[in-house]
Amino acid sequence: MSLLKEKHIQGLEWQERALLKDIPTYDFDKFLRKLSKFDVSYVDEGYYSLVFRLRSNSEEKGITLKLFRFGTLTTVSDIAKLFKASNREIETRKIEYYYLQNFRYSHEIDDLVARQAAGHVLGSLIAPKNIDPPICLWARDGMLLGYSLPFIEGIPARIRDHIKATELANKIETNNIYLGNRGIGSSSKNVIICTRKQPKFIDVRIKDPNNYSLPFEIA
């Protein structure tokens, strides 16, 4: 995408972490200023983030933008602009209430963008057919707001509802990786079942928030 031809930001704290050092970081505000040049569509949302699809034209698959709502510098204006570009205009007061109010604060949101991006990097080394590495990170004023992955075409599902995905997840999670919420009830859709029946995990993070190192055999 032409968006990713921009010069990426250097000298940021997370670029010292082994799992994140090779992922380019781009200025989110610069992206918003060029938003009209892209085909933006709303994809889905979870408790901690909103997901949009970005394309420079309708012929390409494009990439996702996973924008985190809590513990970041994400604003009402950011979300409003993305919704408007997706033809889903929502009143400012509703955005502030429904998308930026954290009703169940948890330590899980601390450094969550970095932990998820690192999880995707580590997962792509361990299970490259099932986990994609981030294409880039998005930042504002030295703080992470989100990241992008290749857009995947397929059927969203819950890991616990898919036998093959469950078996793969059990193997992958023997490493420093946690794959989504597999609890009962309304747990998030955390895997994409592609047309070739190959599960792609989309909710990945490192288990140990202090361990961003590469596995010895890979490093």
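Take 345 as the starting number for the sequence shown in this note's numbering and just add one per residue. Just so it is clear, CB atoms sit at the ideal spot from N, CA and C, and this is done for glycine as well.
Cβ pair count under 8 Å reaching 3, the stretch 374-390 against the stretch 424-437: yes
Pair every Cβ in the stretch 477-495 with every Cβ in the stretch 503-522, then say whether three or more of these pairs are closer than 8 Å. no
Looking only at C-alpha atoms, which of L444, T416 and F414 sits nearest to E424? As a working note, residue 424 is residue 80 in the sequence shown. For clarity, residue 424 is Ala in the given sequence; the question names Glu instead. The shortest C-alpha separation from A424 is found at L444.
Helix, strand or coil at K544 according to DSSP, with G and I counted as helix: Mapped onto the sequence shown, residue 544 falls at position 200. Looking at K544 - three-state DSSP - the assignment turns out to be strand.
Please report how far the alpha carbon of R459 lies from the alpha carbon of I353, in whole angstroms. In the sequence shown, the residue the question calls residue 459 occupies position 115. In the sequence shown, the residue the question calls residue 353 occupies position 9. Distance between the alpha carbons of R459 and I353 is about 19 Å.
Per DSSP, which one or two residues make a beta bridge with D383? As a position in the sequence shown, residue 383 is number 39, starting the count at 1. DSSP lists R399 as partners of D383.
Buried or exposed by the 16-neighbour rule on C-beta atoms within 10 Å, applied to T408: Sequence index remark: in the sequence shown, residue 408 carries index 64 (1-based). Per the 10 Å Cβ criterion, buried.
What is the rounded straight-line gap between the Cα of P472 and the Cα of N446? Position 128 of the sequence shown holds residue 472. Position 102 of the sequence shown holds residue 446. Using only the alpha carbons, I get a separation of about 34 Å.
A508 to V535 span [Cα, whole Å]: Start at 1 with the first residue of the sequence shown, and residue 508 comes out as number 164. Start at 1 with the first residue of the sequence shown, and residue 535 comes out as number 191. Checking the sequence, you will find Lys at residue 508 rather than Ala. If I take the Cα positions, the gap works out to 11 Å.
Can you give the Cα-Cα distance for L488 and E511, rounded to whole angstroms? Translated into positions along the sequence shown, residue 488 becomes position 144. Translated into positions along the sequence shown, residue 511 becomes position 167. Those two C-alpha atoms are separated by around 32 Å.
Going by C-alpha to C-alpha distance, which of A483, Y442, I537 and I470 sits closest to K374? Taking the first residue of the sequence shown as 1, we reach residue 374 at position 30. Closest option to K374, Cα to Cα, is A483.
List the DSSP bridge partners of G486. To locate residue 486, count along the sequence shown from 1; it is residue 142. Paired residue(s): none; G486 is not in a bridge.
Residue from Y522, G498, D552 and K551 whose Cα sits closest to the Cα of P543: By 1-based counting over the sequence shown, the position of residue 543 is 199. With distances taken between Cα atoms, P543 lies closest to G498.
Keeping to the same chain, check which residues put their C-beta closer than 6 Å to that of C480; ignore five residues upstream and five downstream. Looking up residue 480 in the sequence shown gives position 136. If we look at C480 and ignore the five residues flanking it on each side, its Cβ neighbours are P368, Y370 and S492.
Buried or exposed for N474, going by 16 or more other Cβ atoms inside 10 Å? Against the sequence shown, residue 474 aligns to sequence position 130. It is buried - the Cβ of N474 has at least 16 other Cβ atoms within 10 Å.
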